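Protein chains in written order, with my numbering: chain A, 1 to 1052; chain B, 1 to 472. I have placed the structure first, in the form of structure tokens, so that the comments after it can refer back to it.
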Amino acid sequence: MTDSLPYAELHCLSNHSFLRGASHPQELVLRAVELGYQALAITDECSVAGVVKAWRVIRDQKLPIKLIIGAEFRLDGQVIILLAPTESAYSQLCHLITRARRRCDKGEYRLNRQDFTLNLDNCLCLWSPRGRSDDDEQLAYYADCFQDRCWVLVENLLTENSFELATRARGLARQHNLPAVCANNVHMHTPERKDLQDALTAIRFNTTLTEALPYLFPNAENHLRSANKLHSLYGAELMQETLRIADRCDFTLDALRYRYPKDVLPGQYNAEEYLRLLVRQGVARRFPEGSTPEIDATIERELAMIREKEYEHYFLTVYDIVRFARSQNILCQGRGSAANSVVCYCLGITEVNPKQASMLFDRFISKGRDDPPDIDVDFEHQRREEVIQYIYQKYGRKRAALAATVISYRRKSALRDIGRAMGLNISQLDQKIANYGWRYRSKNWIEEIISDGMGLSEHQIGVFKHLLEGILGFPRHLSQHVGGFIITEGVVADLVPIENAAMPDRTVIQWDKDDLETVGLMKVDILALGMLSAVRRTLDLIRQHHGKNLKLQHIPRDDAATFAMIQQADTVGVFQIESRAQMNMLPRLKPNCYYDLVVQVAIVRPGPIHGDMVHPYLKRRIGKEAVHYPNEALRPVLERTLGVPIFQEQIIALAMVAAGFSSDEANDLRRSMASWKQSGHINKLRSKLTERMHKNGYPDEFIQRINRQIEGFGEYGFPESHAAGFALIAYFSSWFKCHYPEAFCCALLNSLPMGFYTASQLVQDVQRHGVTVLPVNINYSDWENQLEWYNKKTAIRLGFCRIKGFTQTSAMNLLRHRPEQGFQRIKELEQLSGIGTADLDLLASAGAFADLTQDRYQARWESSALRLQTPLLTDAFEPATDQQSQLPAPNELDNLIEDYHSQGLTLGRHLITLLREDNAIPQTVPASDLLPMMQAEQRRIAGLSKRLGMNQPDRVRLPIRVLGLVVNRQRPKTKAGVTFVTLEDDTGNINIIVWLQQAQQYIKALTTEQLVLVTGLIEKAWDNDVVHVIAQRIDGLGEATKDVRIRSRDFH
Amino acid sequence: MADTRLWLYIDFPRLALQARFGTLESATPQLLLNARSGIEQCNGAATALGVRPGMNTATAYCLLSDVETTQHDALAEQEQLQRLALLLYQACADIRLCPPSGLSLEIGSMLRLYQGLDALVGTLQKRLDHSGFHYRWACGHTAQAAQVLAINDQPLVSSDRQQLISALDPIAIDRLGLDTKDAARLKSMGLHCYADIRPLPRAELGYRFGPTLLQRLSALETPDTLGHRFDIPPHFDERLELSHEAEHSASLLFPVKRLLTNLEDYLKARQCLADSLYLRLIHRNKPPTRLRIQAVQGSRSAQEWLSLINLQLDRLVLPEPVLSLHLRARRFRTDPMPSGDLLGTAYPQADADRLLSLLVSRLGHHQVHTLTTTNDPRPEYATRLTPAVDRTGRPESSRPRFQPLLVPDTEQRVAPQQFQLLSGPERIVMGRWAQPAPYRRDYFRAWHPHHKQAVWLARHDDGHWSLAGFFG
């Protein structure tokens, strides 16, 4: 750091002036400190989106610089900078930005001169001359608007006419008797960012760098300049004036006084009393057998902590939202740092009984943390909008708004935009991007992608790489957070500007969730979760068809049958533990209690996988490896996961215990993990962690694993507090699947789209569990899929909603007119109002007239002759004769094709069965025979090895050929080089593993074929029943299925 | 009298692709992409690797490691179709264009002239094979039937009406050119091919599907025309075989004049002007001699063009005697109406244009240049010379800078003490993307007291000074 420099930069854009500023706010602050600046104003264009990041770095690193908050505005080429010296000025600035932004579509703003005459009494104005004849008049106008608060800006950026402009500016100031002040229209922290700034400009104008020349800065002077240069260009007086302005600015973001909304408080209570009352009521409800001294003590400790932090209003606000949802019968479930407390359990915010999860509330609200508590509440996805509308209604649109998400450059977007700026062929680039994942997979992806030069010279390749690395993590635009609401006592726009989101009638604030957390504003996440819809529907169906008024809290949490089902990976449709990777893990992990599910939900994630924590945990769990701790001090941290860190919280705690991180440092680590790509800060923390753990005697290998795990958490962090909430829903859904498979499947079908499986896969699964599924029928179906008493059992009746293109309105019209005894002839439908020919076609195609005609072809022929056509058309042709033409009947394959086209599933025989009968495909082992075959082989080998006294191998392998329809292709990011393919045949699913070499060799069959024949090795581990086929060859059998279209779901 | 009409439909399934890449034989996969990022057409090399039309671009890219792509250029495709029609025009008078990629020929009336179907088809085939374009064709008792058979790869060449009608029977419903929705509905009634719907009472079909379906079916069964008639080609492209070999360029004037007269008629008919002509003189062994003749404002007059060609022929030494001439005019412009010229200033402009035309003809296209400014702030690149009549270059600078136009070719070092600095510095820094070596200069306007001249000086990063240009 150099000596203090008597200067404050007052015109500085960060990269939150999207595609203009070429430096992060943090970089600007650090550079300004390095140069010895006294103060720095972040003046993004009509925005304060970057100020929190700048403020955070000053606060966290206790930097000796003052941050001034302001914004730049452009109208008709005129540049105006407003600075906020006080809290009220800041609020005025936010309101002005809000006004300008709300008038326009997302990302735009519009101002006129009159806007500067309204309510800006406390803002300071820096006016920049344009060098035009009306400068005089313009200056007079703004000087009048901002009396005693207006300066003329002198900016000499060494351009063609900057000396003349600077002289002119000083002249104008003298003429109007106004002070002049210097600034540098900063767009980057150092001149080395010139290339990136040029590229951003080219991207902004959607052109190449060469074509963008007229819009580029002619030099790199728009940076934070050194003392020498400032002195020689501006002189002491102008520089001194910057300090005079800076001295007037006292406002900092910690002065923002957030006031919790008080709407939730009944008049006679204060917040503390009311919360205590509600908790007491909750205790009576939650612990009907009576509270224990231990529970009472926990509640008191939690309430004391809430009191100390003054969080009562926060808990009450969340309680109010949850209460509303319950009153509307909308299922919800809270999770997150503060949700797993006895207080939240008693308030009904969560169903997780803290006694069962071995978590402690004060682990999540620590005294050292100033951040607001975090509770995410998941609601039924189809009804979340009702909750959002309730919030808007209760607090008004001025007091409730959605948080923003800053969309930043990632690999593909960076590649595309920088490539375009460099003038690369876009379709060639798209080709590269499409191949990313198949051909380019390593960490040196840039190297791989440009390995052929792409027509660039060596020098240009260097520039290209440099720009790509530079732009990664740069913000691109603001988007709407998935459900983070900020609710205030006053007006939101007093605290932060609001702008329009892309969605009509949605507004977002200019800060993201990290900013809100930094400033200490309360955020409630109102999230949508499909499974909650399914769970609520299951409860409804059980009530209707089994007469049981079941509540979630009545469901036993230790049901052996449910855990037995989970251990066999029989979890199609179940929340979270249904994916291929999760199903692979279930028979190994064999969860047999709720907390095992919490681990299960969290373990198949990038964090633990990158950190190689999965296998050690598995070994310890099955007793193959002893539980030990790298250091006895870590026992309390790692005990519940057998000495292996699985959760994000454990890494944080580990940093505190093993590396002596302070509470602040640990918090910093937690925050940086989420945004490690955007800043190099995490690397510093990791070095610190490594160094200190090393010093404390931890083995290198363990330290490296922890580091990789931190990186993995950066990709997708998954804390225990969230896993606890998810695991509970996973358990509930499993319980339903185990005990009420028909109700659960029916509810899932009605809640689609959600989850991992298609309707066809869900239906096949439930059929394999012995549940009858009945087809859509004109006389029995409802709009939704329903349960029906059939052959003394409960069966699922498909509803009209399954028919593609058939609307709910048409279905309702039909149901309204359906006679009690049902329709007897198709002709009866002729007179129905609100049903068109298209509707009848759809019903006929779906086979819904099966009771009325011999087949669906005839049904369609007959229904299309009903007199539903327009009168004009009816008159033009003779009425159809009663003698109906007889059409050929459809065969089984025709029906199957129609079923898939119409409903995306079939209840008839499987395509593979039909093809096998026709000898259209090779004879192979069906899916259902694979496990028995491998078990038999295992028994054979076991007997053999016993007889011969040999060691048992760790797995059983056999050469095999299998075939099936490709229903899923997945290339998980955590497993470089492997593609997981799921094949479906008439007996079940087959898991295929394709290594990179085979994927590339058989890429044609792998990416384009629906029906494939896989030759390879089938493998089964000795100690569990997971069976998969490792592909050595993949052949397409496309000819056999060319008429059938079954969509594969690709997860990349 | 029996209807003797017979149709031949020729479909060029990869017309747009070939319009861009020419041959399909390339070993490199070639793809034609449409706006919705799907594969529209592809060559054999791409097909061999698993790419199919209709495939998603991303999937295709996964299959191909090396590929050439182009976007669908409807205009180029249409022009190519016209060229192909022109190719067949001399063999068949009634040609109809069926965009995007088909030609419908009424050949029944030509059979007498050719004394049978085989001779006519043979002639057409020869021409088509020569063109190198991939095609498929079929005859039909109606134009629509011929089209359906051709695009369903039923290469039936016959004048047997019964055979032609029954050839339609196995064609799938959705390949009959019916409305997509109607086809889908018919299929969902189990009616899969033409044979399935042919016997059905038309009244029943009409009642269920409406008149459109009946119209389409009727077009298949009742003779009617298809597409729109092929007329004058949009480009002038004529070849003239000389009755005897021309050894001297002067002897070419007369045949050239014949071509130019035809061109003048063509341009008159199209009401346009040509602004450049390409004349190829075909020799026996040597490669053709190519001449490009340009009229700055465009021209129609055979006489004007002749005088411009004459200027070039004057200087031309023929490498070998000329066998034939090939004249092409591709770029046309609309005929501007004479503007009211009250002040008489139009004449000097017309004179300047004529002078420029003469200079270009006399000195050659690349010998006449004009000075233009660019957007590059570096003085070395701020101005450049461009061909005087080439209007397709980059637009001139949108923001002219106050930089001297006269810039020394080589660097001239100077001592700054000899000058009085008037203003500056103006700093110019270029990003590394523009040039590998760092570029950072400070420029000053200065006055040379002795030479009484305003100059532009550059201070380089290493501290030395140089003369960057002269003002005035």
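Where is the CB? At the ideal position from N, CA and C, for every residue including glycine. Predicted model only: the values in this text are computed from it and were never measured.
Beta-carbon neighbours of residue i, restricted to chain B and to distances below 7 Å
i      : result
R860/A : S188 and M189
V463/A : R432 and W433
K194/A : V429 and G431
L224/A : Simply none; closest approach about 16 Å.
Chain A residues whose Cβ lies nearer than 9 Å to that of residue i
i      : result
F402/B : E160 and N161
Proximal chain A residues relative to residue i, where beta-carbon distance stays under 8 Å
i      : result
N375/B : L213 and P214
V322/B : Result: empty, since nearest Cβ-Cβ is about 41 Å, beyond 8 Å.
V67/B  : Q431
L49/B  : K1004
First and last residue of the uninterrupted alpha helix (DSSP H) at residue i
i      : result
G455/A : That residue, G455/A, is in no alpha helix (DSSP H); it is neither H nor E in DSSP.
C587/A : The displayed chain sequence assigns Pro, not Cys, to residue 587/A. Its alpha helix (DSSP H) spans residues R580 to L589.
Q312/B : A302 to R315
D182/B : T180 to K187
K792/A : Neither: K792/A is in no alpha helix (DSSP H) and is coded neither H nor E.
M933/A : A927 to L948
Close beta carbons around residue i, own chain, < 6 Å, minus the five adjacent residues each side
i      : result
R14/B  : Q41 and H134
Q678/A : Confidence at Q678/A is low in this model, with a pLDDT of 49, below 50, so the placement of that residue is unreliable and no value is reported for it.
T588/A : Before going further, note that residue 588/A is Arg rather than Thr in the sequence given. Once the five neighbours on either side are set aside, the close Cβ partners of R588/A are L618 and N1024.
V264/A : L316, T317 and D320
Bounding residues of the beta strand (DSSP E) (the contiguous stretch that carries residue i)
i       : result
A400/A  : A400 to S408
V154/A  : C150 to V154
V1027/A : V1027 to G1036
Cross-chain neighbours of residue i in chain D, by beta carbon under 8 Å
i      : result
D841/A : Absent from the structure: chain D. Protein chains present are A and B.
Under 8 Å from the C-beta of residue i: neighbouring residues of chain B
i       : result
I198/A  : Contrary to the premise, residue 198/A reads as Asp rather than Ile in this sequence. Within chain B, the residues near D198/A are G431 and W433.
S1073/A : Residue 1073/A lies beyond the range of chain A shown here (1 to 1052); nothing can be said about it.
D417/A  : Within chain B, no residue comes near D417/A; the closest Cβ sits about 14 Å away, beyond 8 Å.
H187/A  : The premise fails here: H187/A is roughly 13 Å from chain B at the closest Cβ pair, so nothing lies under 8 Å.
Residues near residue i in its chain [Cβ-Cβ closer than 8 Å; skip 5 each side]
i      : result
P321/B : E245, A246, E247, H283 and R284
G469/B : P379, Q403, P404, L405, L406, V407, P408, V455 and W456
L654/A : L634, V637, L638, P645 and I706
7 Å CB neighbourhood of residue i in its chain, flanking five on each side removed
i      : result
V962/A : T924, V925, L983, I990, V1014 and V1029
P53/B  : I39, E40, Q41 and C42
G340/B : Caution is warranted here: a pLDDT of 47 is assigned to G340/B, below 50, making its placement in the model unreliable, and the coordinate value is therefore given only provisionally. Cβ within range, chain order: n/a, list empty.
A220/A : P191 and K194
L8/B   : L105, I107, W137, C139 and A146
S17/A  : D44, E45 and S47
Query raised in the report: Is there contact here, the stretch 428-437 of chain B with the stretch 223-233 of chain A, by at least three beta-carbon pairs under 8 Å?
Result: Not touching, per the Cβ criterion.
Query raised in the report: Within the chosen definition, does the stretch 173-191 of chain A reach the stretch 4-20 of chain A through at least 3 CB pairs nearer than 8 Å?
Result: Taking a cut-off of 8 Å for Cβ pairs, the stretch 173-191 of chain A and the stretch 4-20 of chain A touch, as three or more such pairs fall below it.
Query raised in the report: Using Cβ-Cβ distances below 8 Å, what residues of the stretch 422-450 of chain B are close to chain A?
Result: Residues S423, G424, P425, E426, R427, I428, V429, G431, R432, W433, A434, P436, R440 and D442.
Report task. Could you list the residues in the stretch 744-761 of chain A with a C-beta less than 9 Å from some C-beta on chain B, going in chain order? Result -> Along the stretch 744-761 of chain A, there is no position whose C-beta sits under 9 Å from a C-beta of chain B.
Report task. Say whether the stretch 268-276 of chain A touches the stretch 535-554 of chain A, bearing in mind that this needs 3 or more beta-carbon pairs closer than 8 Å, one atom from each stretch. Result -> These segments do not touch.
Query raised in the report: Between the stretch 201-213 of chain B and chain A, which residues of the former have a C-beta closer than 8 Å to a C-beta of the latter?
Result: Cβ contacts with chain A come from P201, A203, E204, G206, Y207, R208, F209, G210 and P211.
Requested in this report: Residues of the stretch 885-910 of chain A with a CB closer than 9 Å to any CB of chain B: list them in chain order, please.
Outcome: Residues passing the 9 Å Cβ filter: S885, L887, P888, A889, P890, D894, E898, H901 and S902.
Query raised in the report: On the three-pair Cβ rule with 8 Å, is the stretch 89-99 of chain B touching the stretch 59-67 of chain B?
Result: Flag = no, the stretch 89-99 of chain B and the stretch 59-67 of chain B do not touch.
**Report entry** Contact list for the stretch 230-241 of chain A against chain B, Cβ threshold 7 Å
**Finding:** Within the stretch 230-241 of chain A, no residue places its CB atom closer than 7 Å to a CB of chain B.
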